[in-house]
Amino acid sequence: MLEGMSLGIAIAGSAIGAGIAVATGFGAGIGQGYAAGKGAEAVGNQPEAKSDIVSTMILGQAVAESSAIYGLVIAILLIFVNPWIK
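Every letter in the sequence shown is one number past the one before it in full-length UniProt numbering, and letter 11, counting from 1, is 11.
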């Protein structure tokens, strides 16, 4: 069990790590916006391929969103279920 300064450092490190983990959402948001823009551009250029373009875009956005969800789960674990702080 941590005490004193070690406990403070563990709490601060966990808070910083949780902030960095949540920051993965920014990258996912940028990637999804870029994919949606390129998908709209592709549909504008080839309307007959709309279903293929949209299905590929949604699959890519799902993969991008999973990284943001993993970051959120890690942040929640670091804040509420921290193994170094009992």
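No residue lacks a Cβ here, since even glycine has one placed at the ideal position from N, Cα and C. Note that the structure is predicted; figures quoted are calculated from it, not measured.
Tell me whether the beta-carbon of residue i lies closer than 8 Å to the beta-carbon of residue j.
{"i": "Thr24", "j": "Ser55", "result": "no"}
{"i": "Ile85", "j": "Ile30", "result": "no"}
{"i": "Ile53", "j": "Gly39", "result": "yes"}
{"i": "Gln32", "j": "Ala64", "result": "yes"}
Assuming residue i contacts residue j under a Cβ cut-off of 8 Å, what Cβ separation, rounded to an integer in Å, is found between them?
{"i": "Gly71", "j": "Ala15", "result": "With 8 Å as the limit, Gly71 and Ala15 do not qualify as a contact, their Cβ atoms being about 15 Å apart."}
{"i": "Ala18", "j": "Ile79", "result": "5 Å"}
Have a look at the options and flag the residue whose alpha-carbon is nearest the alpha-carbon of residue i.
{"i": "Tyr34", "options": "Gly19, Ala49, Ile58 and Gly17", "result": "Ile58"}
{"i": "Gln61", "options": "Glu48, Ala28 and Ser51", "result": "Ala28"}
Kindly indicate the opening and closing residues of the alpha helix (DSSP H) around residue i.
{"i": "Gln32", "result": "Thr24 to Asn45"}
{"i": "Ala49", "result": "Element bounds for Ala49: n/a, residue is neither H nor E."}
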